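Protein chains in written order, with the numbering used here: chain A, 1 to 116; chain B, 117 to 228.
See structure below.
Pasting the structure below:
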């Protein structure tokens, strides 16, 4: 158990809908990262938050947004869903959030989104 | 930007064999992380390396932080069927926006 909690584990929805994925980082970790992993693909970095502030953006679509709350949990909002958005979405957390600071990254078990 | 090249892409080995995989970059990393991911699950951190030349073991797994800081190696000794999965290397960027870079993964299959 990595200590990173993600909900829901599975989600099935229709095209055009909106969903929210939730992540609670490990106790003491200030940084939250979101990744998308499509079938048999690598991990695509979406966005990072550090202590409530957005720190880095990757290949995140405009239809997607995220935020980190004062209690450090984070939510990833996916809207106007398309078939191609079907994927595993992982949240990860680390203590660090500054360039070059190093640190271990711990992943949650993921949320599997299926768009029909 | 910084990239990680991981090889081999896939391996099919017999149970009991040793396995080696590596990760290389054209730029320096200060931390190397090795993960294992099983189908439908999240990556699990296996080993973290923080110092050039460092050699760290976790059971049958041994990883090394290359002297040049541009590469890292993961060895698995006496493989067993449950070693099956995808192994990723990763490291945090050392300049610019802070994020983690991931290798493309080595897919390992163990034949009993």
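Built from N, CA and C at the ideal position, the CB exists for glycine as well.
What you are looking at is a predicted structure, and each value in this text was computed from that prediction instead of being measured.
(request) Helix, strand or coil for residue 39/A, going by three-state DSSP, please let me know. (result) Taking the first chain and counting its residues from 1, the one referred to as residue 39/A is at position 39. In this structure, residue 39/A counts as coil in the three-state DSSP scheme.
(request) Locate the beta strand (DSSP E) running through residue 60/A, then write down its first and last residues. (result) Here residue 60/A refers to the residue found at position 60 when the first chain is read from its first residue. Neither: residue 60/A is in no beta strand (DSSP E) and is coded neither H nor E.
(message) With the cut-off set at 8 Å, would you say residue 58/A and residue 68/A are in Cβ contact?
(response) Here residue 58/A refers to the residue found at position 58 when the first chain is read from its first residue. Here residue 68/A refers to the residue found at position 68 when the first chain is read from its first residue. It is not a contact, given that the beta carbons lie outside the stated cut-off.
(message) Can you confirm whether residue 128/B, when its beta carbon is compared against all beta carbons of chain A, has any partner nearer than 8 Å?
(response) The sequence position of residue 128/B within the second chain is 12, counting from 1. No, its Cβ sits nowhere closer than 8 Å to a Cβ of chain A.
(message) Is residue 104/A close to chain C? Criterion is C-beta to C-beta, closer than 8 Å.
(response) This model lacks chain C altogether; the protein chains it does include are A and B.
(message) Give me the residue from 124/B, 166/B and 134/B with the minimum Cα distance to residue 210/B.
(response) As a first step, residue 210/B must be located in the second chain, where it is residue number 94. Comparing Cα-Cα distances from residue 210/B to each of 124/B, 166/B and 134/B, the minimum goes to 166/B.
(message) Bridge partners for residue 201/B per DSSP, in chain order?
(response) Translated into the one-based positions of the second chain, residue 201/B becomes position 85. DSSP lists 224/B as partners of residue 201/B.
(message) Quick check: the Cα distance between residue 7/A and residue 114/A, rounded to an integer number of angstroms?
(response) In the first chain, residue 7/A corresponds to position 7, counting from 1. In the first chain, residue 114/A corresponds to position 114, counting from 1. Whole-angstrom Cα-Cα distance: 14 Å.
(request) Could you work out which residue in 29/A, 34/A, 16/A and 14/A is closest to residue 22/A when comparing CA atoms only? (result) By 1-based counting over the first chain, the position of residue 22/A is 22. The shortest C-alpha separation from residue 22/A is found at 34/A.
(request) Compare the Cα-Cα distances from residue 216/B to each of 145/B, 163/B and 177/B and report the closest residue. (result) Position 100 of the second chain, counting from 1, holds the residue named residue 216/B. It is 145/B.
(request) Scan the region 46-64 of chain A for residues whose Cβ lies nearer than 9 Å to a Cβ of chain B and list them as they occur along the chain. (result) 48, 50, 55, 56, 57 and 58
(request) Give the interface partners of residue 179/B over in chain A, defined as CB-CB distance under 9 Å, in chain order. (result) Position 63 of the second chain, counted from the first residue, corresponds to residue 179/B. Within chain A, no residue comes near residue 179/B; the closest Cβ sits about 13 Å away, beyond 9 Å.
(request) List the residues of chain B that residue 89/A touches, going by C-beta distances under 8 Å, in chain order. (result) Your numbering for residue 89/A matches position 89 in the first chain. Going along chain B, no residue has its Cβ under 8 Å from residue 89/A, so there is no contact; the nearest lies around 10 Å.
(request) Could you work out which residue in 163/B, 141/B, 140/B and 157/B is closest to residue 151/B when comparing CA atoms only? (result) The sequence position of residue 151/B within the second chain is 35, counting from 1. Residue 163/B is the option with its Cα nearest to residue 151/B.
(request) Determine the DSSP secondary structure at residue 85/A, reduced to helix, strand or coil. (result) In the first chain, residue 85/A corresponds to position 85, counting from 1. DSSP places residue 85/A in helix when its eight states are reduced to three.
(request) Would you mind working out which of 196/B, 202/B and 227/B sits nearest residue 124/B, comparing C-alpha positions? (result) Numbered from 1 along the second chain, position 8 holds the residue referred to as residue 124/B. When only C-alpha atoms are compared, the closest one is 202/B.
(request) Drop a sphere of 10 angstroms on the beta-carbon of residue 141/B, count the other beta-carbons inside from all chains shown, and report buried for 16 or more, exposed for fewer. (result) Along the second chain, read from residue 1 onward, the residue named residue 141/B stands at position 25. With 16 or more other Cβ atoms within 10 Å, it is buried.
(request) For residue 13/A, collect the residues of the same chain with a Cβ closer than 8 Å to its Cβ; drop the 5 residues on either side in sequence, then sort them by chain order. (result) To locate residue 13/A, count along the first chain from 1; it is residue 13. Around residue 13/A: 19, 81, 113, 114, 115 and 116.
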